[in-house]
Structure formats: C-alpha cells, structure tokens
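Participant:
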Amino acid sequence: MELMNSTLENGFILVGILDGSGSPELICATITALYMLALTSNGLLLLVITLDARLHVPMYLLLRQLSLIDLLFTSTVTPKAIVDFLLKDNTISFEGCALQLFSAMTLGGSEDLLLAFMAYDRYVAICHPLNYMILMSPKVCWLMVAISWILASLSALGHTVYTMHFPFCMSQEIRHLLCEIPPLLKLACVDTSQYELMVYVTGVIFLLLPLSAIFTSYSLILSTVLHMPSNEGRKKALVTCSSHLTVVGMFYGGATFMYVLPSSFHNPKQDNIISVFYTIVTPALNPLIYSLRNKEVIGAFRRILGRHILPAHSTL
0 MELMNSTLEN
10 GFILVGILDG
20 SGSPELICAT
30 ITALYMLALT
40 SNGLLLLVIT
50 LDARLHVPMY
60 LLLRQLSLID
70 LLFTSTVTPK
80 AIVDFLLKDN
90 TISFEGCALQ
100 LFSAMTLGGS
110 EDLLLAFMAY
120 DRYVAICHPL
130 NYMILMSPKV
140 CWLMVAISWI
150 LASLSALGHT
160 VYTMHFPFCM
170 SQEIRHLLCE
180 IPPLLKLACV
190 DTSQYELMVY
200 VTGVIFLLLP
210 LSAIFTSYSL
220 ILSTVLHMPS
230 NEGRKKALVT
240 CSSHLTVVGM
250 FYGGATFMYV
260 LPSSFHNPKQ
270 DNIISVFYTI
280 VTPALNPLIY
290 SLRNKEVIGA
300 FRRILGRHIL
310 PAHSTL
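Here the sequence shown stands for residues 0 to 315, where the numbers follow numbering that gives the first Met the number 0.
Structure (structure tokens):
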C-alpha cells in the first residue's frame, strides 16, 4: 500500500521512444516536423471545408470531423513528448495520466467509428446515388458524428476509471510514449487478466467490427465500380476510395496491434514505434492523402486563396 501511495503522489515517468534511442535529437526533430505538418494540414483542411459552401456535403462534413479528431489526437501526445525531451523531465501526474488516457481513447475510438461511417457514405454515394441525399441527409450525418463521439467517450471513461483504480506498485516507469492501457497494466501489482480480456473485447467491438463494415462496404463498391460504363466515373470512384482505404490501413493497423493482439506479442520498443505511427504519423498524413488527390478540395483551396488573399495583394 505504501508503494501504491507513492505512485499516486509522484505520478509516473513516461519512458518513450526518445529515451534510449541511438539519435534522440534526430527523432525529436522528426516528430516536431510531423506535428507541425499535422497542425498545418489539418488546420487548412478544416478551414477550407468550413469556408467553401460547395464542400458542405456529408462526405466533407465527415472529413472535417476526421481532421478535427486527428488534430486533437496528435496534440494529446506530441507536445508533451517534445517538451519532456527538451526539459529532460518525463514525469506525468496520476491525474495527467488519467486525462491523457481518456483523451487518447476517446479520440481513437471516435476515429474508429467515423472511418466506418465514411465507408458507408462512399457506399451510398456510389451504389445508391439516387437515394444519397435521403440516406445521407445532414441529420443522418450529424447523428453519425454524435454516435462516434458519445460511444467513444463512454467507453473511454469506463476504461480510464477501471484502469486507474488498480494499485500500481511494480514501478513508476511507463515504458511507452503515452499513458495507454497495455503498458499501464504491466505496472499493476494485482492480477489483471480478466480486465485484459475486457480490453480485448472492447478492441474487437471498436476495431474489428467497424473494420468488417468497411471491408463489406468496399467490396460492394468495387463490384459496382467494375460494372460502371464510364471510365471517368470509374476512375473518380477508385481514387476517392483508395484514399480512404489508405487512411484505414494506417490507423487500424497500429490500433489493432495495440488493443487486439495478445500481450505476448508486445514489447516496449515495438509498442512505442506503433504508437508513434497512429498518434503522430497518421494524423500528419491523413489530410494530405485526402486533399492532394481530391480535385474538389484543391479547387476550394484555390477559390479561398483567390477570394481572401489575391484581392489584398491587388490593393497594395
């Protein structure tokens, strides 16, 4: 009990990817660059979709939510990791750890569900275009967004409370980039096997079920696209869907590894690399994947530049 109280008072020490690596300065610079890229690209995509009325359709409203989640997700983890490295202070309070765990699980769970809803949106748009505005009305779109946030936050709250109620007496060192369930449970001085099974079940619900829905949607989409008479329509559909599938593969791959695979498959170094991928790399690349290959987003960006920046230069 004394050791547990010490942990509660002093908090934890995050021993992440920057500690013990061969070139921490280079890794820190890379992570900082990726974070700045995530802030810039997601911020611009949010701005473009918000300002351009032509993009106020379900597909882009869902994409705006994805950019918001990515922006918040990487901001939950990256700034602290960078500041900790620069200040040589890796401590995090018990309350701070709980807040980071809750935030990361809420945002990660929201993204899981949102990507599945985005796949459904593409399925309706390509397979049932005449009923698109009925099946994907603004009301339905906002209902999807609300479901993503509410279910994810409720699950995150339950897991955060239950995870942090364990007595942590093995060590104060969390050998991970952030406070997540698997590395925290390794510090518990009681048997957590039953709870690990609960985490696994939640992982299946929030990861594998939406992933199954995504693959089902895209199987039906592929069947429809292959029977399209127009080469241009076929090409546009494949470009849009390939962008979404790229994002799905990057995010679900890392999250599934962390929360679905048994603990015997995990080691601290590997887990750190995986967590960097889906908390830092993926949020930086998502908006680029969606926008660089999307003529409508690029066109909207040019219109906003022409409307707000070019007139200012012409008055000089």
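Built from N, CA and C at the ideal position, the CB exists for glycine as well.
(1) Does Asn-285 pass the burial test, meaning 16 or more other C-beta atoms within 10 Å, or should it be called exposed?
(2) Buried or exposed for Arg-63, going by 16 or more other Cβ atoms inside 10 Å?
(3) Residues in its own chain within less than 6 Å of Gly-90 by CB, not counting five upstream and five downstream?
(4) Of the residues His-226, Pro-282 and Leu-260, which one's Cα is nearest the Cα of Phe-250?
(5) Mapping the DSSP letters down to three states, classify His-312 as helix, strand or coil.
(6) Between His-55, Tyr-59, Pro-78 and Leu-244, which has its C-alpha nearest Gly-275's C-alpha?
(7) Measuring only the C-alpha atoms, how far is Ser-45 from Lys-185?
(8) When burial is assigned at 16 or more other CB atoms within 10 Å of the CB, is Glu-1 buried or exposed?
(9) Considering Cα atoms alone, identify which of Val-200, Ser-290 and Asp-69 is closest to His-158.
(10) Report all residues from its chain with a CB closer than 7 Å to the CB of Gly-305; omit the five preceding and five following residues, and keep chain order.
(11) According to DSSP, is Leu-186 part of a helix, a strand, or is it coil?
(12) Excluding the five sequence neighbours on either side, which residues of its own chain have a C-beta within less than 7 Å of the C-beta of Asp-51, listed in chain order?
(13) Mind reading off the beta-carbon distance from Glu-179 to Leu-100? Whole number of angstroms is fine, and I expect it under 8 Å.
(14) Excluding five sequence neighbours on each side, which residues of the same chain lie with their C-beta closer than 7 Å to the C-beta of Gly-15?
(15) By DSSP, does Glu-179 sit in helix, in strand, or in coil?
(16) How about Leu-40 and Leu-208: do their beta carbons lie closer than 9 Å?
(17) At 4 residues or longer, what runs of the alpha helix (DSSP H) sit wholly inside the stretch 216-268?
(18) What residue range does the alpha helix (DSSP H) around Leu-86 cover?
(19) Excluding the 5 residues flanking Tyr-59 on each side, which residues of the same chain have their C-beta closer than 7 Å to its C-beta?
(20) CB-CB under 6 Å to Phe-116, same chain, minus the five flanking residues each way: which ones, in chain order?
(21) Can you give me the start and stop residues for the beta strand (DSSP E) that Leu-13 sits inside?
(22) So, are the CB atoms of Thr-255 and Leu-196 less than 9 Å apart?
(23) Restricting to Cα atoms, I'd like to know which of Ala-32, Tyr-194 and Leu-65 is closest to Val-247.
(24) Report the option in Tyr-277, Ser-290, Lys-294 and Tyr-289 whose CA atom is closest to the CA atom of Ala-103.
(25) Please report the straight-line C-alpha distance between Ser-92 and Ser-152, rounded to a whole angstrom.
(26) Across which residues does DSSP place Thr-90 in a beta bridge pair?
(27) Strictly by DSSP, which residues pair up with Glu-172?
(28) Under the rule that 16 or more other beta-carbon atoms within 10 Å means buried, what is Ala-37, buried or exposed?
Facilitator: Taking the coordinates as given:
(1) Answer is buried; the Cβ neighbour count reaches 16.
(2) buried
(3) The sequence as given places Thr at residue 90; Gly does not occur at that position. These residues qualify, in order along the chain: Gly-10 and Ile-12.
(4) Nearest option by C-alpha distance: Pro-282.
(5) Low confidence applies here, because His-312 scores a pLDDT of 49, under 50, leaving its location unreliable and the question unanswered by this model.
(6) Note that residue 275 is Val in the sequence shown here, rather than Gly. Ranking His-55, Tyr-59, Pro-78 and Leu-244 by Cα distance to Val-275 puts Pro-78 first.
(7) First, the residue type needs correcting, since residue 45 is Leu and not Ser in the sequence shown. About 39 Å.
(8) With a pLDDT of only 43 at Glu-1, under 50, the local geometry of the prediction cannot be trusted, and no value is derived from it.
(9) With distances taken between Cα atoms, His-158 lies closest to Val-200.
(10) none
(11) coil
(12) Ala-299, Arg-302 and Ile-303
(13) So it is a contact: roughly 7 Å between Cβ atoms.
(14) Ala-80, His-175, Leu-176 and Asn-271
(15) coil
(16) Sequence inspection shows Ser at residue 40; the Leu mentioned does not correspond to that position. Not a contact, by the Cβ cut-off of 9 Å.
(17) 230-258
(18) 57-86
(19) Ile-48
(20) Met-143
(21) The continuous beta strand (DSSP E) containing Leu-13 extends over residues 11-13.
(22) no
(23) Leu-65
(24) Comparing alpha carbon positions, the residue from Tyr-277, Ser-290, Lys-294 and Tyr-289 closest to Ala-103 is Tyr-277.
(25) Going by the C-alpha atoms only, they are around 21 Å apart.
(26) Ile-12
(27) Ile-12
(28) That one is buried.
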